[in-house]
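**Q** My numbering numbers the first residue of the first sequence as 9 and each following residue consecutively.
Don't be surprised by glycine CBs; every beta carbon is placed ideally from N, CA and C.
This is the structure I have questions about; it appears just below.
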Amino acid sequence: MPELPEVETVVGDLAESGLEGRTILRARVYWPRSVEGMTPAAFRDRLRNRRIERIRRRGKYIVMVVGGGWHLLIHLRMSGRLFFAPRAEPRDEHERVVFELDDGRTLRFHDTRKFGRITLTMRPQEKLRRLGPEPLEREFTARDFAQRLACRKGMLKPLLLNQQIIAGLGNIYVDEALFEARLHPKRRCSTLTAPELHALYRAIRKVLRRGIRASGTTLGAGQANFYSASGRRGRNQDGLKVFRRTGEPCPRCGAPIARLVVGQRGTHVCRECQASHDT
DNA sequence: GCCCTTTCCTGGAAGC
DNA sequence: TGCTTCCAGGAAAGGG
């Protein structure tokens with residue numbers, strides 16, 4: 009599941025592999041629903057001979073500035089991957105969109121579960137402005153965070169997964185951040201004290217930075233798992249404290265990690281360390 | 001406007 | 001062993 013650290017890793021890999029400055033000669037769409045907002049034919053026509061000027065990340069989106077004012081927004085969702093392959097290499101059945109580049113390589117969008125989406129648009133802000141702040145940017149302060157959460161009545165976990173509140177968090181890093189901050193995922197936001205909000209702010213930044221340093225989290229071995237654009241597995245799974253560690257001892261107190269469902273999401277907690285209070 | 005539920009999909013695990 | 005069923009999960013749309 010690509011979240012902020014995984015997308016950051018992919019973008020870093022793509023930039024390092026010299027994607028910026030390359031020209032897309034042709035795009036081939038093998039699963040039309042992977043392309044959002046226009047027909048595959050329009051997508052192909054508008055991308056032909058476009059130069060990839062810049063690549064960056066915003067939340068969980070990969071943003072490529074291509075020529076003529078167009079922007080490619082790529083969301084990997086559950087199982088999406090991007091990687092390079094020589095043009096002659098046969099297509100895997102799960103490759104949904106393939107971009108032919110001017111240097112003999114192809115950039116392939118591989119997505120077993122077909123949740124991923126690619127949007128070609130002149131107005132990227134229509135999508136991107138809905139996103140909350142970037143949690144690792146300097147301008148995102150503990151005060152901003154507290155203000156965004158304090159007025160909410162919902163449970164912590166669904167709110168942190170909401171990309172409009174804060175961009176880039178997904179199931180893995182939310183569970184890890186809540187453990188780090190010793191907060192129960194079902195706690196109502198409005199009941200948090202100022203020190204608790206501050207602890208959560210720091211925890212979110214800590215687990216995301218750790219994830220980026222480890223080049224992301226790769227769970228299991230199947231091809232639907234996370235692999236960077238250069239085909240590397242992440243190493244952050246070894247450092248996870250609670251996520252998918254049901255029954256294992258809590259690294260802080262030794263109590264068994266429990267699994268519960270919060271907002272229809274599998275959720276991992278230490279019931280000793282993460283007091284439930286009002287739940 | 002906020003919160004909650006449903007929908008999209010497939011591979012792999014679990015159940016029989 | 002081999003078949004069937006169930007589940008995970010991000011974002012957006014729809015309902016209350």
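Just verifying my parser: in three-state terms, what is the DSSP assignment at L268?
**A** Residue numbering aside, residue 268 sits at position 260 when the first sequence is read from its first letter. L268 falls in the strand class under three-state DSSP.
**Q** Would DSSP call P257 helix, strand or coil?
**A** In the first sequence, counting from the first residue as 1, residue 257 sits at position 249. The answer is strand: DSSP assigns P257 an E or B state.
**Q** Output the distance between the C-alpha atoms of R289 and E142, rounded to the nearest integer angstrom.
**A** This structure gives no information on residue 289, because the portion of the chain shown stretches from 9 to 287.
**Q** Count the CB pairs spanning the stretch 235-244 and the stretch 137-152 that are closer than 8 Å, and state whether there are at least three.
**A** no
**Q** Assuming contact is defined by CB atoms lying nearer than 9 Å, are L128 and V43 in contact in what I supplied?
**A** Numbered from its first residue, the first sequence carries residue 128 at position 120. Numbered from its first residue, the first sequence carries residue 43 at position 35. Note that the C-beta distance between L128 and V43 is below 9 Å.
**Q** DSSP on C281, reduced to helix/strand/coil?
**A** Counting from 1 along the first sequence, the entry for residue 281 is found at position 273. Residue state for C281 is assigned as coil, using DSSP reduced to three classes.
**Q** Using only the alpha-carbon positions, how far apart do T17 and R196 sit?
**A** As a working mapping, residue 17 is identified with position 9 in the first sequence. As a working mapping, residue 196 is identified with position 188 in the first sequence. C-alpha separation (whole angstroms): 33 Å.
**Q** Which term fits N244, buried or exposed, when burial requires 16 or more other beta carbons within 10 angstroms of its beta carbon?
**A** By 1-based counting over the first sequence, the position of residue 244 is 236. By the 10 Å Cβ count, N244 comes out buried.
**Q** Just how far apart, CA to CA, sit R131 and G112?
**A** To locate residue 131, count along the first sequence from 1; it is residue 123. To locate residue 112, count along the first sequence from 1; it is residue 104. About 30 Å.
**Q** How would you label T225, buried or exposed, when you count the other beta carbons within 10 angstroms and need 16 or more for buried?
**A** Taking the first sequence and counting its residues from 1, the one referred to as residue 225 is at position 217. With 16 or more Cβ atoms within 10 Å of its Cβ, T225 is classed as buried.
**Q** In angstroms with no decimal places, state the Cα-to-Cα distance between A207 and L22.
**A** Stepping through the first sequence from its first residue, residue 207 is reached at position 199. Stepping through the first sequence from its first residue, residue 22 is reached at position 14. Straight-line Cα distance between these residues: approximately 34 Å.
**Q** Within the same chain, show all residues whose beta-carbon is closer than 7 Å to that of K249, passing over the 5 residues directly before and after it, in chain order.
**A** By one-based count along the first sequence, residue 249 stands at place 241. Closer than 7 Å at Cβ, skipping near neighbours: E184, F187 and P259.
**Q** Considering only the alpha carbon of each residue, which of G274, G255 and L268 lies closest to S284?
**A** For the purposes of this step, residue 284 is taken as the residue at position 276 of the first sequence. Considering only alpha carbons, the answer is L268.
**Q** Are the beta-carbon atoms of R36 and F107 separated by less than 9 Å?
**A** Here the question's residue 36 lines up with position 28 in the first sequence. Here the question's residue 107 lines up with position 99 in the first sequence. A contact, by the Cβ cut-off of 9 Å.
**Q** Sort L136, V182 and L139 by Cα distance to H276 and report the nearest one.
**A** Here residue 276 refers to the residue found at position 268 of the first sequence. Checked all of L136, V182 and L139; the closest Cα to H276 is V182.
**Q** Closest to L200 by CA distance: which of R99, G75, E145 and R156 is it?
**A** Residue numbering aside, residue 200 sits at position 192 when the first sequence is read from its first letter. With distances taken between Cα atoms, L200 lies closest to R156.
**Q** Drop a sphere of 10 angstroms on the beta-carbon of T287, count the other beta-carbons inside from all chains shown, and report buried for 16 or more, exposed for fewer.
**A** Working through the first sequence from its first residue, we reach residue 287 at position 279. Low confidence applies to T287: its pLDDT is 44, below 50, so where it sits in the model is not reliable enough to give any reading.
**Q** Please list the terminal residues of the continuous beta strand (DSSP E) segment that includes G88.
**A** Here the question's residue 88 lines up with position 80 in the first sequence. Its beta strand (DSSP E) spans residues G88 to P94.
**Q** Could you give the C-beta distance for K68 and G140, rounded to a whole number, given that I count them as a contact under 8 Å?
**A** For this step, residue 68 is matched to residue 60 along the first sequence. For this step, residue 140 is matched to residue 132 along the first sequence. That belief does not hold up - the Cβ atoms of K68 and G140 are roughly 12 Å apart, past 8 Å.
**Q** Give me the Cα-Cα distance between L80 and G255, rounded to the nearest whole angstrom.
**A** Along the first sequence, one-based indexing puts residue 80 at 72. Along the first sequence, one-based indexing puts residue 255 at 247. Looking at the two C-alpha atoms, the distance is approximately 42 Å.
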